[in-house]
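A.B. asks:
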Amino acid sequence: MHFFISEEVRGDKLVLKEEEVKHFRVRRIGKNETFGVIYEGKIYLCRALKIEKKEILCEIIDELSVKIPEKKITLYQCVTVELKTVDFIIRQATELGLHRFVPVISERSFRKKEAIVKRKEKWKRIVREAMKQSGRAHPVIIEEPVYLEDINPVHEENILLDNFTDGMRVRDINLSSKDFGVVVGPEGGFSKREGELLREKGFKSVLLEPYTLRTETASISILSILINC
Ligand code: SAH
Numbered sequence: 000m001h002f003f004i005s006e007e008v009r010g011d012k013l014v015l016k017e018e019e020v021k022h023f024r025v026r027r028i029g030k031n032e033t034f035g036v037i038y039e040g041k042i043y044l045c046r047a048l049k050i051e052k053k054e055i056l057c058e059i060i061d062e063l064s065v066k067i068p069e070k071k072i073t074l075y076q077c078v079t080v081e082l083k084t085v086d087f088i089i090r091q092a093t094e095l096g097l098h099r100f101v102p103v104i105s106e107r108s109f110r111k112k113e114a115i116v117k118r119k120e121k122w123k124r125i126v127r128e129a130m131k132q133s134g135r136a137h138p139v140i141i142e143e144p145v146y147l148e149d150i151n152p153v154h155e156e157n158i159l160l161d162n163f164t165d166g167m168r169v170r171d172i173n174l175s176s177k178d179f180g181v182v183v184g185p186e187g188g189f190s191k192r193e194g195e196l197l198r199e200k201g202f203k204s205v206l207l208e209p210y211t212l213r214t215e216t217a218s219i220s221i222l223s224i225l226i227n228c
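Set out below in structure tokens:
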């Protein structure tokens, strides 16, 4: 099914505007075809009543069920030197069911804070696109960038993906937990000091076997494991 996002209700109809109108045209949706409209955390089965240049008026036929992952995962992702790698992670993580994304500035990460703040707009756009792709009703919360030293183990399970330390294996994580924080390093990894600091704070090192992964592979793999186990 094709999904669109609405930000406006008019009477008992939903309105699609701007990007959504363009997207609707590209998809060449016919007059009698049904599609999904995401509006304020809900998804409705709709049909187009009026297709105009600037907006599309949608009749609601039914309310569809919304899927929400059982596990709330916050990804603390050290910002990669190539920002487009973060774009990729956010797109895939939205599809997988990530709850919250925190860009982290670490010793070896991309370090220009203003550029990261500026990139947030793009990340929000990517989240919207991925929501439509996957029929997800709630956006990933994208936080302001933080410094690695300021991350705290505030979740039920606090994991540090660490390819240096002989940490726990995935099977040893408490998978029945419903709230995870996961910290992942940038392309060059964490410094020894950073790993020690996070472990002292209470993050548990987890090693994905058997190889060293690119940061994006590591992030996407752990999300997929946690959400589906
Ligand atoms: N340049 C580093 C690799 C960094 S990989 C080196 O040579 O060792 C980037 C990040 O991905 C790491 O900081 C870690 O958070 C994660 N990662 C990669 N492979 C991993 C693995 N096998 N287990 C756990 N985390 C891993």
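Following numbering that gives the first Met the number 0, the numbering of the sequence shown begins with 0 at its first residue and continues without gaps.
Cβ coordinates follow ideal geometry from the N, Cα and C atoms, glycine included.
Note that this is a predicted model, so its numbers are computed, not measured.
1) Could you check whether Leu206 and Arg168 sit closer than 8 Å to each other, using their CB atoms as the reference points?
2) With C-beta atoms as the reference, is Ile59 less than 8 Å away from Val20?
3) Alpha carbon to alpha carbon, how far is Asp165 from Ser64?
4) In whole angstroms, what separates the C-alpha of Leu15 from that of Lys30?
5) Entirely within the region 84 to 167 and at least 4 residues each: give me those alpha helix (DSSP H) ranges in chain order.
6) Suppose contacts are defined by Cβ-Cβ distances below 8 Å. Is Ser230 in contact with Leu159 by that definition?
7) For Leu82, tell me which candidate among Ile28, Lys121, Ser133 has the shortest Cα-Cα distance.
8) If Thr73 and Ala129 are in contact, beta carbons under 8 Å, what's the gap, nearest whole angstrom?
9) Any idea which residues DSSP pairs Ala47 with across the strands?
10) Reducing DSSP to helix, strand and coil, say where Asp171 ends up.
11) When you compare the CB positions of Phe251 and Ile67, do they come within less than 8 Å of one another, or not?
12) Across which residues does DSSP place Arg9 in a beta bridge pair?
13) Which residues share a DSSP beta bridge with Tyr75?
14) In terms of residue numbering, what span does the beta strand (DSSP E) encompassing Val36 cover?
15) Are the Cβ atoms of Pro102 and Pro144 separated by less than 8 Å?
16) Just to confirm my understanding: we take Arg90, look at its own chain, exclude 5 residues before and 5 after, and list those with CB closer than 6 Å. What are they?
17) How far does the alpha helix (DSSP H) with Ile221 in it reach, from first residue to last?
18) How many whole angstroms separate the CB atoms of Leu222 and Glu193, which I take to be in contact at a CB cut-off of 8 Å?
19) Compute the distance between the beta-carbons of Ala136 and Ile37, then report whether it is under 8 Å.
20) Does Lys21 come out as helix, strand or coil in the three-state DSSP assignment?
21) Compute every distance between the C-beta of Gly184 and the non-hydrogen atoms of ligand 1, then say whether any falls below 7 Å.
22) Between Pro152 and Gly201, which are expected to be in contact by the criterion C-beta below 8 Å, what is the C-beta distance as a whole number of angstroms?
23) Cβ of Thr93 within 7 Å of any heavy atom in ligand 1?
24) Excluding the 5 residues preceding and the 5 following Thr84 in the sequence, name in chain order all residues of the same chain whose CB lies nearer than 6 Å to its CB.
C.D. replies: Let me lay it out:
1) Taking 8 Å as the Cβ cut-off, Arg168 and Leu206 qualify as a contacting pair.
2) Contact annotation: Ile59 and Val20 have beta-carbon atoms that are not nearer than 8 Å.
3) Those two C-alpha atoms are separated by around 43 Å.
4) Roughly 15 Å separates the two Cα atoms.
5) Positions of the alpha helix (DSSP H) runs, each at least 4 residues long and wholly inside the region 84 to 167, are given as 112 to 133 in order along the chain.
6) The displayed coordinates of the chain run from 0 to 228. Any statement about residue 230 would go beyond what the structure contains.
7) Comparing alpha carbon positions, the residue from Ile28, Lys121, Ser133 closest to Leu82 is Lys121.
8) Your pair Thr73 and Ala129 does not check out as a contact, with CB atoms roughly 17 Å apart and the cut at 8 Å.
9) DSSP lists Cys57 as partners of Ala47.
10) Three-state result, Asp171: helix.
11) This structure cannot settle anything about residue 251, because the visible part of the chain is limited to 0 through 228.
12) Beta-bridge pairing links Arg9 to Lys12.
13) Answer is Val101, Val182, bridged to Tyr75.
14) Where Val36 is concerned, the enclosing beta strand (DSSP E) stretches over 33 to 38.
15) A contact, by the Cβ cut-off of 8 Å.
16) Result list for Arg90: Ile125, Ala129, in chain order.
17) Taken as a continuous stretch (DSSP letters only), the alpha helix (DSSP H) holding Ile221 covers 214 to 227.
18) Not a contact, Cβ separation roughly 21 Å.
19) Cβ distance < 8 Å, so Ala136 and Ile37 count as in contact.
20) Three-state result, Lys21: helix.
21) For Gly184, the shortest separation between its Cβ and any heavy atom of ligand 1 lies below 7 Å.
22) About 4 Å; that satisfies the 8 Å criterion.
23) No, ligand 1 has no heavy atom inside 7 Å of this Cβ.
24) These residues qualify, in order along the chain: Glu215.
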